[in-house]
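>
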Amino acid sequence: MAIDKIGVVGAGTMGNGITQAFAVAGREVVMMDVGEAQVRRGVDTISASLDRLIKKDKMSAEQKAAAMGCIKTANTLEALADCDLVIEAATENVDLKLRIFADLDRIVKPEAILASNTSSISITRLAAGTQRPGQVIGMHFFNPVPVMALVELINGLQTSAATYTEVEVLAKSIGKTPIKVKNSPGFVVNRMLCPMINEAVFALGEGLATAAEIDDAMKLGCNHPIGPLALCDLIGLDVELAVMQVLYEGTKDPKYRPAPLLVEMLEAGYLGRKSGKGFYDYVK
Ligand SMILES: NC(=O)c1ccc[n+]([C@@H]2O[C@H](COP(=O)([O-])OP(=O)(O)OC[C@H]3O[C@@H](n4cnc5c(N)ncnc54)[C@H](O)[C@@H]3O)[C@@H](O)[C@H]2O)c1
Numbered sequence: 127m128a129i130d131k132i133g134v135v136g137a138g139t140m141g142n143g144i145t146q147a148f149a150v151a152g153r154e155v156v157m158m159d160v161g162e163a164q165v166r167r168g169v170d171t172i173s174a175s176l177d178r179l180i181k182k183d184k185m186s187a188e189q190k191a192a193a194m195g196c197i198k199t200a201n202t203l204e205a206l207a208d209c210d211l212v213i214e215a216a217t218e219n220v221d222l223k224l225r226i227f228a229d230l231d232r233i234v235k236p237e238a239i240l241a242s243n244t245s246s247i248s249i250t251r252l253a254a255g256t257q258r259p260g261q262v263i264g265m266h267f268f269n270p271v272p273v274m275a276l277v278e279l280i281n282g283l284q285t286s287a288a289t290y291t292e293v294e295v296l297a298k299s300i301g302k303t304p305i306k307v308k309n310s311p312g313f314v315v316n317r318m319l320c321p322m323i324n325e326a327v328f329a330l331g332e333g334l335a336t337a338a339e340i341d342d343a344m345k346l347g348c349n350h351p352i353g354p355l356a357l358c359d360l361i362g363l364d365v366e367l368a369v370m371q372v373l374y375e376g377t378k379d380p381k382y383r384p385a386p387l388l389v390e391m392l393e394a395g396y397l398g399r400k401s402g403k404g405f406y407d408y409v410k
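The sequence shown begins at 127 in our numbering and counts up one residue at a time.
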């Protein structure tokens with residue numbers, strides 16, 4: 127089955143990034159969110175992102191118009207009924223995603239593939255709530271989607287080889303580099319990245335060095351473009367904690383226990399950049 131029409135559920139950070147990546151590659155996309163305001167914000171974000179590319183001479187006004195022309199918007203899942211692939215990128219909440227998958231299964235044509243961009247929820251679990259578990263797969267994009275080359279393609283226990291191949295071909299066709307990952311807590315990137323950040327928070331909590339020194343250590347000693355604590359502020363301390371909890375709960379291995387300072391900072395309301403304070407201050 128050729129994948130011609132793509133649906134995206136959720137127009138937030140990841141949903142609008144995924145929509146942009148496909149639209150720029152000339153793919154027809156329907157971006158759906160619960161309300162008109164959310165959808166409008168998603169479209170405005172894409173438009174502003176493409177304007178920045180025009181300013182940098184990386185895109186022409188005609189190319190922007192063509193990409194924007196590929197995007198349709200919707201407020202109901204019914205609008206995705208004739209899509210060949212639907213990528214769910216709604217809020218990270220297992221009950222919400224189980225409901226969306228059950229609804230998509232009922233609404234979207236039977237031969238279509240259903241994918242989730244979830245960072246932490248089991249693909250096998252999402253698939254089990256549908257009548258087409260062989261056609262359910264994880265497509266884990268990275269933020270910002272239009273820039274980041276990687277997509278982790280996660281096979282649930284029942285994902286068919288044909289589903290994997292179709293999604294792999296599609297990912298390559300928009301310039302992404304897919305890697306095949308078994309369904310498991312944190313997949314590959316978060317399984318390694320989040321414990322490294324967590325360890326940096328342990329080091330800070332134990333007074334090994336200051337935040338700036340810990341970040342400089344990894345930048346200058348390991349050539350990382352950004353230090354782990356600054357990265358944690360960017361990702362959000364809440365997201366970092368959620369991933370550590372998934373790793374810890376999913377494996378019961380104490381090496382994944384969240385750093386006490388991370389938990390305490392969240393108790394204080396420090397979420398990182400989005401709240402104006404994390405390991406660094408962002409309020410001017
Ligand atoms: N932000 C990241 O860096 C990142 C990276 C990889 C994967 N993810 C995953 O992507 C998903 C989305 O994350 P995000 O950062 O874009 O979140 P976000 O909060 O920016 O966007 C989520 C969107 O989902 C919408 N939504 C909620 N319920 C919905 C429903 N029933 N139907 C349709 N839309 C609904 C919300 O209105 C919101 O616009 C999550 O599963 C997250 O784990 C996030």
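Note that beta-carbon positions come from the ideal geometry of N, C-alpha and C, so glycine has one too.
Every value quoted in this text rests on a predicted model; they were computed, and no experiment measured them.
Any heavy atom of ligand 1 closer than 7 Å to the CB of E366?
E366 Cβ: outside cutoff for every heavy atom of ligand 1.
> Is it buried or exposed, T256, if we count other Cβ atoms within 10 angstroms and call 16 or more buried?
Buried is the call here.
> What did DSSP end up calling K160 once you bin it into helix, strand or coil?
In the sequence as presented, Lys is not what sits at residue 160; that position holds Val. It is coil, neither helix nor strand.
> Should M157 and T199 be called a contact, given that it needs their Cβ atoms to be closer than 8 Å?
Their beta carbons are under 8 Å apart, which means M157 touches T199 by this criterion.
> Going by DSSP in three states, G264 sits in which element: helix, strand or coil?
In the structure shown, G264 sits in a strand (DSSP, three-state: E or B).
> Report the partner residues of T303 according to the DSSP bridge assignment.
Answer by DSSP bridge pairing, in chain order: L276.
> So, under 8 Å CB-CB, I132 and R153 are touching, yes? Tell me the CB distance rounded to an integer number of Å.
About 6 Å separates the two Cβ atoms, so the contact holds.
> Hey, M265 and C320: beta-carbon distance below 8 Å or not?
Cβ distance not < 8 Å, so M265 and C320 don't count as in contact.
> Provide the residue(s) that pair with I197 in DSSP beta bridges, ordered along the chain.
Beta-bridge pairing links I197 to V155.
> Given 7 Å as the limit, tell me if F148 has its C-beta closer than that to any heavy atom belonging to ligand 1.
No.
> I'd like to confirm something about G255: is its beta-carbon nearer than 7 Å to some heavy atom of ligand 1, or not?
G255 Cβ: outside cutoff for every heavy atom of ligand 1.
> In the DSSP assignment, find the unbroken alpha helix (DSSP H) run with G398 in it and report its ends.
No alpha helix (DSSP H) holds G398; DSSP gives it neither H nor E.
> Quick test of your reading: T289 and I239, contact by CB under 8 Å. State the CB separation rounded to the nearest angstrom.
Confirmed, Cβ separation roughly 6 Å.
> Let me know if T291 comes out buried or exposed under the rule of 16 or more other beta-carbons within 10 Å of its beta-carbon.
Exposed: under 16 other Cβ atoms inside 10 Å.
> What does the Cβ neighbour count give for S299, buried or exposed, with the cut at 16 atoms within 10 Å?
Result: exposed.
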